[in-house]
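Peer 1: Residue numbers (the UniProt record's numbering): 1 to 253. For each residue, glycine too, the CB sits at the ideal point set by N, CA and C. Got a structure for you, questions after.
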């Protein structure tokens with residue numbers, strides 16, 4: 001339905017323009033993929049960052065879903081299922097899989113060239129696929145909250161790993177936001193959909209206390225487990241915050 005609506009609103013472009021835009025989109029996609037894989041697959045400390053700064057281990061203890069959070073009883077990234085991967089990033093307010101690497105990819109194409117930036121603006125106005133992509137990025141950026149995410153990152157034991165990777169994520173978030181605003185000509189993210197923009201602004205402050213509570217409870221639970229102790233009531237409280245945040249954000253990932 002979304003595709004049909006886009007195609008109805010925007011008439012078919014000339015073949016040459018479509019071919020050029022398709023080529024640009026593929027180039028941007030290739031750059032984004034490489035940047036994304038640099039962090040996710042090629043950074044040896046990334047899996048530690050992910051596991052320690054999100055409630056991933058505890059998500060696996062929720063009584064939801066028909067399959068375990070991992071395909072095997074291993075710590076390999078490849079064995080992690082897609083749903084808990086996204087769910088954990090959403091819980092910790094990064095929403096990283098939804099936007100990471102987009103800023104670098106867009107900047108690499110434009111490279112400070114005003115004519116190329118103008119091309120991206122034209123694509124946003126006239127190329128339905130690209131417009132949907134940019135608008136989806138806006139939604140993800142608006143829902144993410146790196147101030148909250150930074151609190152989760154404080155659970156990472158290795159400060160060097162924490163600071164290095166979080167700084168990289170934060171830099172990419174800011175770059176992506178800047179490029180999106182340049183392409184759309186907006187003053188703020190989601191200015192094009194003010195109803196949703198206001199809804200997120202009103203909703204998030206009610207979820208924030210749950211996030212702070214979750215960080216505290218996770219820290220306490222993990223400290224206990226590090227000493228081979230456990231507290232079923234504490235685990236229950238952690239799982240309740242997971243349910244509450246998912247309901248408050250209206251998004252499990």
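What is the residue span of the alpha helix (DSSP H) that residue 143 lies within?
Peer 2: Start at 1 with the first residue of the chain shown, and residue 143 comes out as number 143. Counting along the chain, the alpha helix (DSSP H) containing residue 143 begins and ends at 128-143.
Peer 1: Which class does residue 190 belong to by DSSP, given the choice of helix, strand or coil?
Peer 2: Residue 190 sits at position 190 when you count from the first residue of the chain shown. Residue 190: coil per DSSP, three-state reduction.
Peer 1: Rounded to a whole number of angstroms, what is the C-alpha to C-alpha distance between residue 59 and residue 245?
Peer 2: Numbered from 1 along the chain shown, position 59 holds the residue referred to as residue 59. Numbered from 1 along the chain shown, position 245 holds the residue referred to as residue 245. Approximately 12 Å, taken between the alpha carbons.
Peer 1: Return yes when the Cβ of residue 137 is within less than 8 Å of the Cβ of residue 196, no when it is not.
Peer 2: By one-based count along the chain shown, residue 196 stands at place 196. By one-based count along the chain shown, residue 137 stands at place 137. No, they are not a contact pair.
Peer 1: Within 10 Å of its beta-carbon, does residue 145 have 16 or more other beta-carbons around it, so buried, or fewer, so exposed?
Peer 2: Your numbering for residue 145 matches position 145 in the chain shown. Classification for residue 145: buried.
Peer 1: Who are residue 39's beta bridge partners in DSSP?
Peer 2: If you number the chain shown from 1, residue 39 lands on position 39. For residue 39, which the question treats as bridged, DSSP gives no partner whatsoever.
Peer 1: Counting beta carbon pairs with one atom in the region 79-95 and one in the region 115-128, are three or more of them shorter than 8 Å?
Peer 2: These segments do not touch.
Peer 1: Return the chain-ordered list of same chain residues with a C-beta closer than 7 Å to the C-beta of residue 56, the five sequence neighbours on each side being excluded.
Peer 2: Here residue 56 is taken as the residue at index 56 of the chain shown, counted from 1. Correct list, in chain order: 50, 84 and 88.
Peer 1: If residue 177 and residue 189 are in contact, beta carbons under 8 Å, what's the gap, nearest whole angstrom?
Peer 2: For the purposes of this step, residue 177 is taken as residue 177 along the chain shown, with counting starting at 1. For the purposes of this step, residue 189 is taken as residue 189 along the chain shown, with counting starting at 1. Confirmed, about 6 Å.
Peer 1: Buried or exposed for residue 26, going by 16 or more other Cβ atoms inside 10 Å?
Peer 2: Position 26 of the chain shown, counted from the first residue, corresponds to residue 26. With fewer than 16 Cβ atoms within 10 Å of its Cβ, residue 26 is classed as exposed.
Peer 1: Report, in whole angstroms, the separation of the C-beta atoms of residue 21 and residue 130, which I expect to be a contact under 8 Å.
Peer 2: Here residue 21 is taken as the residue at index 21 of the chain shown, counted from 1. Here residue 130 is taken as the residue at index 130 of the chain shown, counted from 1. Indeed, because the Cβ distance is near 7 Å, the residues count as touching under 8 Å.
Peer 1: Residues in its own chain within less than 6 Å of residue 153 by CB, not counting five upstream and five downstream?
Peer 2: Residue mapping note: residue 153 aligns to position 153 of the chain shown, counting from 1. If we look at residue 153 and ignore the five residues flanking it on each side, its Cβ neighbours are 53, 162 and 166.
Peer 1: Could you spell out the range, first to last residue, of the alpha helix (DSSP H) harbouring residue 85?
Peer 2: For the purposes of this step, residue 85 is taken as the residue at position 85 of the chain shown. Residues 82-91.
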